[in-house]
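Residue numbers (my numbering): -7 to 445.
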């Protein structure tokens, strides 16, 4: 009987993934980062000429979702109007739940560590682990209550979320899939996030994660500060880096579903649970600019030096969360995408560096040109503020002697979360079995070449 039940469950999971893949393949999107989008799943669901009419069309409820204060400058203001079957206010009391591997501010389980740190991929999860149960916090900084700082999480899952949704009141979530595609069912509609893509879920937006393959693994940047924006281009001009038109927002889609659905909310670092008698993903129409997106990192327009020297990594910034100091980000999201290296008389890999910013790096596919081995897809490294880092010995020796013909870097996709504050580790990260405790050895053997005068 147990074997038959397992077989039935497995068959149901396969069919669920097949349906999710079919839905993902058929999706259409709205395009443009920061645009004032609008969409309706049923014709006539959006009101004309006003946001909150006396009676919203089709018997729907009008509800505003604010991602910024009402009075923030128009250029920075984020909000959307949702027209839903039931208002979000129709919920019972929330109850504290088990945080599992998820941690939040304040990150005070350990003291900030100046050592260079590197981890292998997170271990495979136990059977029946969904995205929310599979979240594992590496560390972070700032204070979610003051809307400052960020956190680095990883996820590993083998089951789709079922009969529950998740939202984060502490910040927006940047999902970076590394293995296995995701179908994200949000209040605004559906998004497909495959490895090599990123998905941005704004603060407070409810969503459910469904797997498109048997397993899924990846990274999450939780941004407690100001919402991500595209970086200014300055003398680059009007085009380049991440182009706004390549960001894709969902079209309206809703669930008309009765029955118990658990709503899990992350609030000030903890998970809170409430059970509704219907799906909260019941938005029939919406308009606004506080919306989720997906973005294909392979569309990033990489710029670089066509004369000499390696450019600073800020040139590879996809998104930035500005702070109160111009040019100083709460967190930047940077991608090292396929590109040509042509610098003359130039050490072409990333240079040796001590940085006032703190850097967490991850690898989505292939290899990274500054590390010969040990830095693998699903793993990550942390170089906190002023921690010396750079190419390992093997990479340094090879690049120092290489023939400087034009070279295409096309076998890797790495990224970085760079933040103004040091990251403090969670205890589970500092004691993890997949922490590479011999990481410092990659810089051993860098010999002296300076001759005595």
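A virtual CB, placed ideally from N, CA and C, is assigned to each residue, including glycine.
Which of the three DSSP states is assigned to residue i in this structure?
{"i": "residue 9", "result": "helix"}
{"i": "residue 340", "result": "coil"}
{"i": "residue 44", "result": "coil"}
{"i": "residue 495", "result": "Look at the range of the chain in this structure, -7 to 445, and you will see that residue 495 is not part of it."}
{"i": "residue -7", "result": "With a pLDDT of 43 at residue -7, under the threshold of 50, the predicted position of this residue should be treated as unreliable, and no value is reported."}
{"i": "residue 428", "result": "coil"}
{"i": "residue 38", "result": "coil"}
{"i": "residue 350", "result": "strand"}
{"i": "residue 461", "result": "The structure shown does not extend to residue 461, since the chain is modelled only from -7 to 445, so the question has no answer here."}
{"i": "residue 392", "result": "helix"}
{"i": "residue 332", "result": "strand"}
{"i": "residue 118", "result": "coil"}
{"i": "residue 305", "result": "helix"}
{"i": "residue 226", "result": "helix"}
{"i": "residue 436", "result": "coil"}
{"i": "residue 441", "result": "coil"}
{"i": "residue 136", "result": "helix"}
{"i": "residue 161", "result": "coil"}
{"i": "residue 32", "result": "strand"}
{"i": "residue 386", "result": "helix"}
{"i": "residue 238", "result": "helix"}
{"i": "residue 419", "result": "helix"}
{"i": "residue 19", "result": "coil"}
{"i": "residue 248", "result": "coil"}
{"i": "residue 154", "result": "coil"}
{"i": "residue 373", "result": "strand"}
{"i": "residue 72", "result": "strand"}
{"i": "residue 97", "result": "coil"}
With the cut-off set at 7 Å, would you say residue i and residue j are in Cβ contact?
{"i": "residue 344", "j": "residue 382", "result": "yes"}
{"i": "residue 265", "j": "residue 87", "result": "yes"}
{"i": "residue 418", "j": "residue 101", "result": "yes"}
{"i": "residue 161", "j": "residue 217", "result": "no"}
{"i": "residue 407", "j": "residue 366", "result": "no"}
{"i": "residue 139", "j": "residue 273", "result": "no"}
{"i": "residue 446", "j": "residue 295", "result": "Residue 446 lies beyond the range of the chain shown here (-7 to 445); nothing can be said about it."}
{"i": "residue 388", "j": "residue 329", "result": "no"}
{"i": "residue 427", "j": "residue 111", "result": "yes"}
{"i": "residue 182", "j": "residue 242", "result": "yes"}
{"i": "residue 326", "j": "residue 305", "result": "yes"}
{"i": "residue 352", "j": "residue 409", "result": "yes"}
{"i": "residue 164", "j": "residue 107", "result": "no"}
Please report the distance separating the alpha-carbon of residue i from that of residue j.
{"i": "residue 156", "j": "residue 314", "result": "33 Å"}
{"i": "residue 370", "j": "residue 303", "result": "26 Å"}
{"i": "residue 145", "j": "residue 245", "result": "29 Å"}
{"i": "residue 103", "j": "residue 422", "result": "10 Å"}
{"i": "residue 236", "j": "residue 166", "result": "17 Å"}
{"i": "residue 148", "j": "residue 213", "result": "15 Å"}
{"i": "residue -7", "j": "residue 254", "result": "With a pLDDT of only 43 at residue -7, under the threshold of 50, the placement of this residue in the model should not be trusted, and no figure is reported."}
{"i": "residue 333", "j": "residue 360", "result": "14 Å"}
{"i": "residue 267", "j": "residue 83", "result": "8 Å"}
{"i": "residue 420", "j": "residue 188", "result": "27 Å"}
{"i": "residue 184", "j": "residue 323", "result": "24 Å"}
{"i": "residue 48", "j": "residue 257", "result": "28 Å"}
{"i": "residue 152", "j": "residue 115", "result": "18 Å"}
{"i": "residue 433", "j": "residue 109", "result": "11 Å"}
{"i": "residue 66", "j": "residue 210", "result": "34 Å"}
{"i": "residue 4", "j": "residue 431", "result": "43 Å"}
{"i": "residue 10", "j": "residue 186", "result": "15 Å"}
{"i": "residue 26", "j": "residue 350", "result": "27 Å"}
{"i": "residue 192", "j": "residue 222", "result": "13 Å"}
If contacts are defined as beta-carbon pairs under 8 Å, then residue i and residue j qualify, I think. What distance do you get, rounded to the angstrom?
{"i": "residue 158", "j": "residue 198", "result": "7 Å"}
{"i": "residue 36", "j": "residue 50", "result": "7 Å"}
{"i": "residue 335", "j": "residue 392", "result": "Not confirmed; about 14 Å, so no contact."}
{"i": "residue 220", "j": "residue 284", "result": "Not quite, the Cβ-Cβ distance comes to about 12 Å (not below 8 Å), so this is no contact."}
{"i": "residue 97", "j": "residue 59", "result": "Actually they are not in contact, since the Cβ atoms of residue 97 and residue 59 sit about 19 Å apart, beyond 8 Å."}
{"i": "residue 64", "j": "residue 79", "result": "Their Cβ separation, rounded to whole angstroms, is 25 Å, which puts residue 64 and residue 79 out of contact at 8 Å."}
{"i": "residue 261", "j": "residue 136", "result": "6 Å"}
{"i": "residue 447", "j": "residue 435", "result": "This structure does not reach residue 447, given that the chain is present from -7 up to 445, and the question cannot be answered."}
{"i": "residue 168", "j": "residue 356", "result": "7 Å"}
{"i": "residue 337", "j": "residue 300", "result": "6 Å"}
{"i": "residue 372", "j": "residue 403", "result": "19 Å between Cβ atoms; not a contact."}
{"i": "residue 130", "j": "residue 174", "result": "Incorrect: roughly 20 Å between the Cβ atoms, too far for contact."}
Quick check: is any heavy atom of the ligand ADP less than 6 Å from the C-beta of residue i?
{"i": "residue 127", "result": "Within the structure as shown, the ligand ADP is missing, as the structure has no ligands at all."}
Using 7 Å as the limit for Cβ to Cβ distance, is residue i near chain B?
{"i": "residue 29", "result": "In the structure shown, chain B does not exist; there is a single protein chain."}
Meets three-Cβ-pair contact criterion under 8 Å: the segment 61 to 72 and the segment 242 to 259
no
Meets three-Cβ-pair contact criterion under 8 Å: the segment 406 to 415 and the segment 362 to 380:
yes
Below 8 Å, how does it come out for the segment 80 to 100 and the segment 118 to 133: are there three or more Cβ pairs, yes or no?
yes
At least three beta-carbon pairs within less than 8 Å, the segment 267 to 282 to the segment 28 to 40:
yes
Counting beta carbon pairs with one atom in the segment -2 to 18 and one in the segment 225 to 235, are three or more of them shorter than 8 Å?
no
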